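Accompanying notes for the structure given below.
Number of protein chains: 2
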Amino acid sequence: MEFKDAVLKRRMVRNFADKAVDKQTIERIVDLTRHAPSAGFTQGQAFIIVTDANTRRAVAQTCEEEEYVKGGFDPFISKAPVLLIPCTSEIAYHRRYQQADKVDEQGNEIEWPVPYWFMDAGCAAMLALLAVVDEGLVGAFVGSKDLKALRALLNIPDEVTPVGVIAVGYRAEDKRSPSLKRGRKPDAEYVHYEKW
Amino acid sequence: MEFKDAVLKRRMVRNFADKAVDKQTIERIVDLTRHAPSAGFTQGQAFIIVTDANTRRAVAQTCEEEEYVKGGFDPFISKAPVLLIPCTSEIAYHRRYQQADKVDEQGNEIEWPVPYWFMDAGCAAMLALLAVVDEGLVGAFVGSKDLKALRALLNIPDEVTPVGVIAVGYRAEDKRSPSLKRGRKPDAEYVHYEKW
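What follows is the structure in structure tokens.
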């Protein structure tokens, strides 16, 4: 698929057909996310692939799926045949920036102006969402409301942050997010020329 | 260009030919970034497009370009004909999540498990970096070390965070990042099946 078409076609689809996604397809999607950039080539990102039905239901619980259902959505998180959990690790960045080629003349780590571990996780999640479309599938990103429960469920180390859940599958008729009714922010607030 | 090719071709290129990029091309790139997702459709992201040579030099200073030059790189930030400054606004997310459709039954904003304003900025930056490649250009993301100076220079409101600088232009021979010598993280540390 053309790059522009993948970007323009992509939207959060919150329902999935009852149809499995084959393992090779999922591996191609996750493999492509390895091309996301990372500060200092830290590669602090990681993914967990969840397909087990019981685990999917438990992950969905940490995302408060029942609140979506109350709002008229399908139980799309537990229904999705595949859940991808993008993760990041702040401490991996500190370790990287304490290495000899990154510290200052006094041997100190930089002051971080921005938590690049979260930006880099965003880059990887964006690639996953586009790769899903490129494979003819649909996806929806949701936040988990209980990272402690999610960590316990998936055996995620304390130093790793699961930044959310990407539900992936074949398209089914869905209800659009009511947030879209807000409309697009005016161009003049989005693009600034030379100065803000 | 095929989506996969854009992803596979993209890398940080830290040198640029002495050749301007036309305004329409830059606008297509920034326009495509509007398709990045955002929590609650907050659309907290924004971009500043800088082409003025004096401003580019001043932006490059906040990125400590001289340190790159000491490390054997070209002064690629000030040399780039275009600098894109992706921005995000944490407060925009709080405002959005204090609206009636987002607060809980007691009228309270959610507890944020993850600073999605930075992840969403990462999504927009990822789209910009890919769109650059799709347009036959190259780009490099760098952090600014002095957000206070960058804000003052570009008239950026205090509540907006410029998360970095994407230098964009036509390719010139470049020096690769020494960080790449670290090599790729083993697959087993990147992809986890069912559990970490």
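The listed protein sequences correspond, in order, to chains G and W. Residue 95 in my numbering sits at position 95 of the first sequence, and the numbers go up by one each step. Residue 59 in my numbering sits at position 59 of the second sequence, and the numbers go up by one each step. Ideal placement from N, C-alpha and C gives every residue a C-beta, glycine not left out. Note that the coordinates shown come from a computational prediction; the quantities given were computed from them, not determined experimentally.
How would you list, in chain order, the residues of chain G whose beta-carbon sits under 9 Å from the beta-carbon of residue i?
| i | result |
| --- | --- |
| H192 of chain W | A46, F47, I48, I49, I85, C87, L154, N155 and I156 |
Does DSSP put residue i in a helix, in a strand, or in coil?
| i | result |
| --- | --- |
| I49 of chain W | strand |
| P86 of chain G | strand |
| A10 of chain G | For clarity, residue 10 of chain G is Arg in the given sequence; the question names Ala instead. Coil, per DSSP. |
| P186 of chain W | coil |
| Y193 of chain G | strand |
| I156 of chain G | coil |
| P178 of chain W | helix |
| T62 of chain G | helix |
| T55 of chain W | helix |
| F16 of chain G | strand |
At which residues does the alpha helix (DSSP H) containing residue i begin and terminate?
| i | result |
| --- | --- |
| T25 of chain G | K23 to T33 |
| C123 of chain G | Y116 to D134 |
| Y68 of chain W | E65 to K70 |
| K79 of chain G | F76 to K79 |
If you compare alpha carbons, which of the options is closest to residue i?
| i | options | result |
| --- | --- | --- |
| I156 of chain G | W:Y190, W:R151 and W:D101 | W:Y190 |
| D146 of chain W | G:D187, G:P113, G:E194 and G:A58 | G:P113 |
| I26 of chain G | G:G169, G:A121, G:W196 and G:V142 | G:G169 |
| A172 of chain G | G:L83, G:C123, G:L137 and G:I110 | G:L137 |
| R184 of chain G | W:V59, W:Q45, W:D101 and W:G107 | W:Q45 |
| A152 of chain W | G:E194, G:G72 and G:A125 | G:E194 |
| E67 of chain W | G:R95, G:A140, G:R57 and G:D101 | G:D101 |
| Q14 of chain G | G:Q98, G:F141 and G:F47 | Sequence inspection shows Arg at residue 14 of chain G; the Gln mentioned does not correspond to that position. It is G:F141. |
| L127 of chain W | W:R57, W:V30, W:L83 and W:I110 | W:V30 |
| D198 of chain G | G:D174, G:W196 and G:G107 | Residue 198 of chain G lies beyond the stretch modelled for chain G, which goes from 1 to 196, so this question has no answer here. |
| R57 of chain G | G:A167, G:D187 and G:R176 | G:A167 |
| R176 of chain G | G:M12, G:F3 and G:M1 | G:M12 |
| E200 of chain G | W:V165, W:H192, W:F47 and W:S144 | Within the shown structure, residues of chain G are numbered from 1 to 196, placing residue 200 of chain G beyond reach of any answer. |
| I165 of chain W | W:K70, W:R28, W:V69 and W:V59 | In the sequence on display, residue 165 of chain W carries Val and not Ile. When each option's Cα is compared against that of V165 of chain W, the closest is W:V59. |
| R96 of chain G | G:P86, G:E109, G:E105 and G:Q24 | G:E109 |
| H192 of chain W | G:V69, G:I48 and G:R28 | G:I48 |
| K23 of chain W | W:L83, W:G122, W:L154 and W:D187 | W:L83 |
| G139 of chain W | W:I85, W:D104, W:W196 and W:V69 | W:I85 |
Could you tell me which chain G residues have their CB closer than 8 Å to the CB of residue i, listed as they occur along the chain?
| i | result |
| --- | --- |
| D120 of chain W | G122 |
| T25 of chain W | The premise fails here: T25 of chain W is roughly 13 Å from chain G at the closest Cβ pair, so nothing lies under 8 Å. |
| G169 of chain W | Ordered by position in chain G, no residue passes the 8 Å Cβ test against G169 of chain W, which lies about 17 Å from the chain. |
| E2 of chain W | M1, E2 and F3 |
| K185 of chain W | Q43 |
| D134 of chain W | F3 and K4 |
Could you tell me which chain W residues have their CB closer than 7 Å to the CB of residue i, listed as they occur along the chain?
| i | result |
| --- | --- |
| R182 of chain G | F41 |
| L147 of chain G | P113 |
| D52 of chain G | E194 |
Give me the chain W residues within the contact set of residue i, using Cβ-Cβ distance strictly less than 8 Å, ordered along the chain.
| i | result |
| --- | --- |
| H35 of chain G | V7, L8 and R10 |
| S179 of chain G | G40, F41 and D101 |
| E189 of chain G | A46 |
What are the boundary residues of the beta strand (DSSP E) that includes residue i?
| i | result |
| --- | --- |
| A140 of chain W | V138 to V142 |
| A167 of chain G | V165 to G169 |
Give the interface partners of residue i over in chain W, defined as CB-CB distance under 9 Å, in chain order.
| i | result |
| --- | --- |
| G143 of chain G | A39, I110, W112, P113, V114 and Y116 |
| V163 of chain G | P113, V114, Y116 and M119 |
| L127 of chain G | V7, M126 and L130 |
Closer than 7 Å by beta-carbon distance: list the chain G residues that pair up with residue i, in chain order.
| i | result |
| --- | --- |
| V30 of chain W | V191 |
Q) Is the stretch 122-133 of chain G touching the stretch 49-60 of chain G in the sense that three or more CB pairs, one from each, lie closer than 8 Å? A) no
Q. Is the stretch 142-161 of chain W in contact with the stretch 81-96 of chain W, if contact means three or more CB pairs nearer than 8 Å?
A. yes
(Q) Would you call the stretch 33-50 of chain G in contact with the stretch 161-180 of chain W, where contact means no fewer than 3 C-beta pairs closer than 8 Å? (A) yes
Q. Can we say the stretch 64-81 of chain G touches the stretch 16-24 of chain G, given the rule of at least three CB pairs closer than 8 Å?
A. yes
Q: Determine contact between the stretch 25-40 of chain G and the stretch 7-15 of chain W, defined as no fewer than three beta-carbon pairs at a distance below 8 Å.
A: yes
Q) Should the stretch 63-71 of chain W be regarded as contacting the stretch 107-120 of chain W, the criterion being three or more beta carbon pairs within less than 8 Å? A) no
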